[in-house]
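Structure, as structure tokens:
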Amino acid sequence: MSAPCRIGLLQLADSAPVIVAHALDIFSKYGVKVEPIIVPSWANIADGLVWNGLDGAIMFAPLAIMTTLGQRGRAIALRPGLPLSREGNKIVLRGQQTEQEQWYSDGDKHRAFQLWAATLNRKPRLGVVHLYSTHYLILTRFLKSISICRDTKTEIVIMPPANMIEALATGEIDGFCAGPPWGTDAALKHLAFPVASSASIVPGHLEKMLFLKETWKTENPDATHRIYNAVCDAAKICTAPEQTAYITNLLSAPLTACGLDLPTEAVATVMPASPTVPDTMIFDTMPRSAASSFGWMIQDMQTEGWLTAPLPETLSNLNWL
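In terms of the working numbering, the sequence shown has 69 at position 69, counting the first letter as 1, and numbering is strictly consecutive.
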């Protein structure tokens with residue numbers, strides 16, 4: 001058996017395949033030992049990879065790219081890993097039935113946003129999970145689509161996804177873009193209403209991938225495909241309708257019981273097999289071309305000034321193109 005692989009993840013429903021593979025001993029069946037490590041924030045994920053606290057992680061590509069380029073203290077090699085999920089992120093704004101009805105009844109979403117923002121008597125504070133995230137890029141695209149200038153008309157607040165419900169309830173933020181199940185949970189708790197899904201903004205977009213550090217792969221040459229196969233098997237279980245109750249109970253179990261301590265009703269609602277809510281996440285481990293997977297992200301990252309054009313040779317050498 002290979003050396004234990006420490007995989008970092010956050011309290012998100014699209015972490016399910018790794019949690020399920022661990023709970024059902026699927027990793028053991030493939031002859032590998034994996035230790036899921038739940039961390040508070042995406043900054044902890046990046047730092048764990050850079051400073052050797054983690055051997056791999058479930059994360060979004062923009063953060064992996066910027067970590068590869070040394071934006072977390074030193075450069076490390078991360079190649080595109082195993083695709084895990086597509087879509088699933090939601091944008092929600094503070095308010096209940098009255099505000100929601102006004103938003104949906106007004107065909108001019110630019111005006112609807114301005115009317116909503118006027119009730120706050122200040123710039124709306126909108127949360128995203130990390131600067132180098134699909135969520136930041138998707139929120140930016142949404143605001144552009146309704147002709148709202150992100151930099152002058154809003155204030156962007158960075159915080160872990162699991163903190164956003166409390167931040168919304170206390171008024172620290174006025175809305176957010178986050179992965180499942182947090183947008184759905186905000187709506188179920190009547191704290192906010194959804195205004196867009198990532199599926200409507202970037203249809204079919206790649207969301208999370210399982211990355212393993214190149215140093216760990218080199219030291220464990222036969223283990224990578226075994227881990228990937230185990231996670232693929234678990235992803236299939238996560239999409240089976242008859243497994244929804246089991247997956248929901250597993251993800252909503254306490255951290256001390258190897259769960260993710262996620263809100264039960266929200267998890268049940270966002271599972272891929274759930275027919276109750278459109279635009280839920282999709283577990284998809286099929287490989288796709290670099291252009292279709294990362295093209296829109298790289299374009300937007302260049303627009304933000306995070307990446308140069310042409311791309312740094314480091315990314316080209318690691319097959320990000």
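For every residue, glycine included, the Cβ atom is placed at its ideal position computed from N, Cα and C.
Give me the DSSP bridge partner(s) of residue i.
i	result
Arg125	Glu155
Ile7	Pro36 and Gly56
Lys208	Ser85
Phe283	Ser85
Arg94	Ala192
Which same chain residues, not among the five before or five after residue i, have their C-beta less than 6 Å away from its C-beta?
i	result
Gly95	Phe193
Ile37	Arg6 and Gly8
Ile4	In the sequence on display, residue 4 carries Pro and not Ile. Lys33 and Glu35.
Ala234	Pro17, Val20, Ala21 and Ile26
Tyr228	Leu82
Ile148	Phe113
Gln302	Ala309
Asp300	Leu137
Ala64	Leu78 and Phe211
Asn163	none
Lys109	Ile146
Is the Cβ-Cβ distance between residue i and residue j less than 8 Å?
i	j	result
Ser133	Phe60	yes
Lys217	Leu49	no
Pro324	Arg288	In the structure displayed, the chain extends from 1 to 321; residue 324 sits before or after that span and is not available.
Pro80	Ala290	yes
Phe283	Ser2	no
Met271	Thr244	yes
Ala223	Leu191	no
Ala57	Phe294	no
Ile138	Val157	no
Arg88	Ser198	Note on residue identity: the sequence assigns Gly, not Arg, to residue 88. Their beta carbons are under 8 Å apart, which means Gly88 touches Ser198 by this criterion.
Pro62	Met297	yes
Ala186	Ile201	no
His130	Trp51	no
Asp47	Arg72	yes
Thr184	Ala266	yes
Gly175	Leu93	yes
Trp306	Met66	yes
Cys177	His135	yes
Beta-carbon within less than 7 Å of residue i's beta-carbon, same chain only, minus the 5 sequence neighbours each way: which residues are those?
i	result
Ala16	Cys238, Ile247 and Leu251
Thr264	Thr248 and Ser252
Ala196	Ile91 and Phe142
Leu12	Pro161, Gly179 and Pro180
Leu262	Gln11, Ala13, Pro181, Leu251 and Ser252
Pro312	Leu69
Ser103	Looking at the sequence shown, residue 103 is not Ser but Trp. Excluding sequence neighbours, Trp103 sits near Ala112, Trp116, Phe193 and Val195.
Gln100	Phe193
Gly259	Leu250, Leu251, Ser252 and Ala253
Return the chain-ordered list of same chain residues with a C-beta closer than 8 Å to the C-beta of residue i, the five sequence neighbours on each side being excluded.
i	result
Glu155	Lys123, Pro124, Arg125 and Leu126
Pro254	Asp261
Arg150	Leu139, Thr140, Leu143, Lys144 and Ile156
Thr314	Thr68, Leu69 and Ala75
Met286	Pro83
State the start and end residues of the unbroken beta strand (DSSP E) segment that holds residue i.
i	result
Val202	Looking at the DSSP string, Val202 is not in any beta strand (DSSP E), and its letter there is neither H nor E.
Leu197	Checking the sequence shown, residue 197 turns out to be Ser, not Leu. Start and end: Ala192 to Ser197.
Gly175	Gly175 to Ala178
Should residue i be listed as close to the ligand MN, given that the test is whether its C-beta is under 7 Å from any heavy atom?
i	result
Tyr30	Absence of the ligand MN is noted for the structure shown, with no ligands found whatsoever.
I need the boundaries of the alpha helix (DSSP H) containing residue i, first residue and last residue.
i	result
Trp116	Lys109 to Ala118
Asp300	Ala290 to Glu304
Met164	Met164 to Thr170
Pro17	Ala16 to Ala23
Leu315	Glu313 to Asn317
His135	Thr134 to Ser145
Lys29	Ile26 to Lys29
Of all the CB atoms in chain C, is at least one closer than 8 Å to the CB of residue i?
i	result
Gln96	Of the protein chains in the structure, only one exists, and it is not chain C.
Worksheet item: Going along the chain, which unbroken runs of the beta strand (DSSP E) with 3 or more residues stay wholly within the region 35-90?
Response: 56-59 and 82-86
Worksheet item: In chain order, which alpha helix (DSSP H) runs of at least 4 residues are fully inside the region 219-263?
Response: The region 219-263 is shown to contain whole alpha helix (DSSP H) runs of 4 or more residues at 224-238 and 244-252, in chain order.
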